[in-house]
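Chains as they are written, first to last, in our numbering: chain C, 5 to 138; chain R, 5 to 138. Heads up, the beta-carbon is just placed ideally off N, CA and C, and yes, glycines get one too. Before any comments, here is the structure.
Protein chains: 2
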Amino acid sequence: MSSLSIGQLAKQAGVAIDTVRYYERNALLPPAGRLASGYRRYGTTELKRLRFIRRAKALGFSLDDVRELLALSDEHDIAKVKRAAERKLGDIAQRIEELERIRAGLNTLVAACPGHGRAEACPILNALTLEQAP
Amino acid sequence: MSSLSIGQLAKQAGVAIDTVRYYERNALLPPAGRLASGYRRYGTTELKRLRFIRRAKALGFSLDDVRELLALSDEHDIAKVKRAAERKLGDIAQRIEELERIRAGLNTLVAACPGHGRAEACPILNALTLEQAP
DNA sequence: CTTGACTCCGGACCCAGGTCCATACTTCAG
DNA sequence: CTGAAGTATGGACCTGGGTCCGGAGTCAAG
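And the structure:
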């Protein structure tokens, strides 16, 4: 126990084997220990790290962000971790705002569209077609 | 007037020349008329169509969506246009929900983080590190 | 006529985040 | 011992939406 092949590790972390190797190549995981045969061997440290990556991604962090987060985590710098999380929160809020604006615009058009009749009466088509600020 | 080179068209539509050719290759614009020299020539129809594409993209439609919208627009099928817009509205709503969930999760963590002290006391790091549903 | 700006084309390249491939070697169950 | 399943490698490929490149041909002003 606590000694895992790459396949077991991948399965327990819920990612693909290729993804594990991809993360290693891209410095999200440290170079794995090897058996005499060249096979990679992992312990619970790597499993935790891999799950950390998965969860951080689920929270909207990019792999670059995750690399940074892992470094901060390794050096126990809570203040920087918190600031990184706040920045990400700001990013996410901005993406939401952008989508909300789009939704509001599209919603207005859909609501105003009778769904039948002449094409010239369709506000959706008109909004896309008519002359406006280029 | 009303006869435009690709450069003039691109400028008036607010896109790059390469983008115009890219759209033509990908059937968002019909094959352009040509001068004897092989240079493309455009009229106001193409300018309108190009602006249509720009606006639809701004509303969150992918180029595949736009192709569909243009086809529906060409055949004056208002009902289908409205349904396509409603589907897109649903997509957008879903993306917003997803981001809201992420924001809520991250926000809770950030709010609970003191920003100093032991790494074990940082809820952000803990959330990423601790054993949970894999 | 010359010069600089414009346009042509096909194909390579960019971003992120992987995924897939062929070929060769290792490990494990029976 | 044998055959299936697992693993190693480097590099190609994928998605979307373009962007850039180089060499060659064209257009317009002076």
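| query | result |
| --- | --- |
| Please compile the residues from chain C whose C-beta is within a distance smaller than 8 Å of the C-beta of I100/R. | I100, L103, E104 and R107 |
| Within the 7 Å Cβ cut-off, does V85/C reach chain R? | yes |
| Since K61/R meets chain C, which of its residues come closer than 8 Å, beta carbon to beta carbon? | What K61/R touches in chain C: nothing, since even the nearest Cβ is about 10 Å away. |
| Three-state secondary structure (DSSP) at Y27/C? | helix |
| So for L33/R, helix, strand or coil by DSSP? | coil |
| Quick check on DSSP: helix, strand or coil for R71/R? | helix |
| Count the other CB atoms, across all protein chains shown, that sit within 10 Å of the CB of Y46/C; report buried if there are 16 or more and exposed otherwise. | buried |
| How long is the line joining the alpha carbons of V8/R and N130/C, rounded to whole angstroms? | The sequence given here places Leu at residue 8/R; Val does not occur at that position. The alpha-carbon atoms of L8/R and N130/C are separated by roughly 24 Å. |
| Assuming R44/C contacts I10/C (C-beta within less than 8 Å), just tell me the rounded distance between them. | 5 Å |
| Label G64/R either buried or exposed according to how many other C-beta atoms from any shown protein chain fall within 10 Å of its C-beta, with 16 as the threshold for buried. | buried |
| For the segment 26-41 of chain R against the segment 65-84 of chain C, do three or more pairs of beta-carbon atoms, one drawn from each stretch, fall closer than 8 Å, so that the two count as touching? | no |
| Provide the residue span of the alpha helix (DSSP H) that contains L3/C, from first to last. | Summary: the structure shown does not reach residue 3/C, with chain C confined to residues 5 through 138, and so no result is reported for it. |
| Does R122/C come out as helix, strand or coil in the three-state DSSP assignment? | coil |
| Report buried or exposed for L110/C, applying the criterion of at least 16 other Cβ atoms within 10 angstroms of its Cβ. | buried |
| Could you give the distance in angstroms between the alpha-carbon of L103/R and the alpha-carbon of L93/R? | 15 Å |
| Return the chain-ordered list of same chain residues with a C-beta closer than 6 Å to the C-beta of Y27/C, the five sequence neighbours on each side being excluded. | L33 |
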